[in-house]
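If you read the protein sequences in the order shown, they are chains D and V.
Taken in order, the first sequence gives residues 1 to 343; the numbers are from the UniProt record's numbering.
Taken in order, the second sequence gives residues 1 to 97; the numbers are from the UniProt record's numbering.
Positions of the beta carbon are idealized from the N, C-alpha and C atoms, including for glycine.
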Amino acid sequence: MRNHCPCSCHIIPPFVVDKLKEAGVEIPSQKTNNREFRERRDAKNALMRSEAFLVAPPVKKADRFVYDSKTTEHQRLLLVRKESGPASPDAVVNTVYENAGSVREYFKTFLNYLSVDNHGADLILNVHFGKNYANAFWDGDEMTFGDGDNQVFTNLANALDVTAHELTHGVVQYTANLTYKGQSGALNEHYADVFGSVIKQHAKKQKAATADWLIGDEIMGPALTGQALRSMKAPGTAYNNALMGKDPQPDHMDNLYKGSADNGGVHINSGIPNKVFFLVATAIETDKAALLWFETLKTLKPTTNFKSFKTALLKIAKKMANAGSVPATTETVAKQSFESVGL
Amino acid sequence: MKLSYVREGGLFFQVSETEMEVGDLPADLQTLVRKVYENSDDYRPREKNVNLRDGYQYRLEIREGRKKVNLTFGDTTLPDGFQPLIQYLQEKAINDH
């Protein structure tokens, strides 16, 4: 949030301010925060372009920092847990810390990629954002989670697939940087769902055949048990209720959403490549499919559409099969999977 | 004076919207909306966060006679003091629905 008001009004409740002051915490205005973030990002980008960086990249270790927003809409308000520090009395803080660790570990171990930028950038996580805020987001620098409204969603920081989804948006930003609109935006969402599901399956020691392929099923409100945000196995069937409406995801190009809402359907049309991933993973196993998808991501352009995504993925599949890193049948399986959704 | 509110975005496709007379808002929120109407440039975000993923977009339109003020915010560019207004409008949008 930005402070436009000429007075010194603050959204943080006075009792929270008092408590923070007692603890010696100075509360920066969001305006200061935003300026500092921008300056830090500019400095980081300048460094990444510099010769010194290319010769000797700075040593960062993807350290986790968890901040409590204290139900305000301020990010990085109160640091409550950091890498190797003691656990917090707040279970939500510890859960999101562990979940971010699991995501970091998967990317590092299976994909040889460290943090969101592959240079070990700090992983910043904000919890208890807003009042009954039923959402989570990546904002270019960090992840932020609301407590949920307890109707549609419970606490969004509690689900591994949601943390993996948001962190993957960071990875996409630093790799293909897929434009968040239309088909490239749907691919951006698709990649976030892919690694949300893949990392959940890995943590639960599931195989493609036994996984539920649902995203967000663990954060659904009490009246929505059994439903989810998305189904990669059967797009369009994740939810159907009075609170959320009906899942609008297509599973075939014949039903591609062509409207302007949702940035041109980024959360809608992602159902089509999601289905392709499910089919390929079922044939060659999830971890192999994840590797293929990740290697493809590194070759995509910001404007990649579904058709050029298919071309890029088949090319990488052939290369990886020749190198023996995915099964020999992968290219054929992938081609058939794309064809089955009309691509 | 009329106020329209739309919230789009989030982790899944959803649109919430409502419209109301500013005079029907609680007194403190009426004051805020009138202030925004009179000094809209002071509240306009200087830049859009192009890297926001899954965040909400909030659109407010305040109109009286022929004058119309349109403002769009994201989760990270919402001005201080707007949270109670957004919360009120969001609850109204849910009840309208």
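{"query": "Mind checking if Asn70/V is an interface residue toward chain D, Cβ cutoff 8 Å exclusive?", "result": "no"}
{"query": "Using the rule of at least 16 other Cβ atoms within 10 Å of the residue's Cβ for burial, across every protein chain shown, is Val326/D buried or exposed?", "result": "buried"}
{"query": "Tell me the rounded alpha-carbon separation between Ile86/V and Ser69/D.", "result": "18 Å"}
{"query": "So for Ala334/D, helix, strand or coil by DSSP?", "result": "helix"}
{"query": "Hey, quick one: how far does the alpha helix (DSSP H) through Lys319/D stretch, first residue to last?", "result": "Phe306 to Ala323"}
{"query": "Would you tell me roughly how many angstroms separate the C-alpha atoms of Pro302/D and Pro89/D, rounded to the nearest one?", "result": "42 Å"}
{"query": "Using a Cβ cut-off of 7 Å, pull out every chain D residue sitting near Asn49/V, in sequence order please.", "result": "Asp139 and Gly140"}
{"query": "Just confirm the distance between the C-beta atoms of Glu285/D and Lys207/D, as a whole number of angstroms; I'd bet it's less than 8 Å.", "result": "7 Å"}
{"query": "Which residues share a DSSP beta bridge with Tyr5/V?", "result": "Thr18/V and Leu60/V"}
{"query": "Any chance you could list the beta strand (DSSP E) runs of at least 3 consecutive residues sitting entirely within the stretch 84-161 of chain D, in chain order?", "result": "123-129, 136-138 and 143-146"}
{"query": "Hey, does Gly10/V have any beta-carbon neighbour from chain D nearer than 8 Å?", "result": "yes"}
{"query": "Relative to the C-alpha of Glu64/V, which candidate in Phe13/V, Leu25/V and Glu21/V has its C-alpha closest?", "result": "Glu21/V"}
{"query": "What residues of chain V sit near residue 382/D, judged by a beta carbon separation below 9 Å?", "result": "There is no way to answer for residue 382/D, as the model of chain D reaches only from 1 to 343."}
{"query": "Is Tyr56/V close to chain D, meaning its C-beta is less than 8 Å from at least one C-beta of that chain?", "result": "yes"}
{"query": "For the stretch 255-278 of chain D, which residues have a CB atom closer than 7 Å to at least one CB atom of chain V, in sequence order?", "result": "Ala261, Asp262, His267 and Ile268"}
{"query": "Per DSSP, which one or two residues make a beta bridge with Thr72/V?", "result": "Arg59/V"}
{"query": "Given that a residue counts as buried once 16 or more other Cβ atoms are within 10 Å of its Cβ, and exposed if not, what is Ser337/D?", "result": "buried"}
{"query": "Run through DSSP, which three-state label would Val59/D get?", "result": "coil"}
{"query": "By the 10 Å Cβ neighbour count, where 16 or more other Cβ atoms means buried, how is Glu142/D classified, buried or exposed?", "result": "buried"}
{"query": "Would you say Asn155/D and Asp147/D are within 8 Å of each other, going by their C-beta atoms?", "result": "yes"}
{"query": "Ordered along the chain, which non-local residues of its own chain (more than five positions away) have a Cβ less than 6 Å from that of Asp75/V?", "result": "Gly55 and Tyr56"}
{"query": "For a quick check, are the C-beta atoms of Ala334/D and Leu313/D less than 8 Å apart?", "result": "yes"}
{"query": "Is the CB of Val87/V under 8 Å away from at least one CB in chain D?", "result": "The displayed chain sequence assigns Gln, not Val, to residue 87/V. Gln87/V counts as touching chain D."}
{"query": "For Gly216/D, return the contacting residues in chain V, with the cut-off set at a CB-CB distance below 9 Å.", "result": "Leu11 and Phe12"}
{"query": "Against chain D, does Thr31/V count as a neighbour if the rule is that its beta carbon must be under 8 Å from one of theirs?", "result": "no"}
{"query": "Taking the beta strand (DSSP E) that Leu78/D belongs to, which residues open and close that run?", "result": "Leu78 to Lys82"}
{"query": "Using DSSP with H/G/I as helix, E/B as strand and the rest coil, what is Val341/D?", "result": "coil"}
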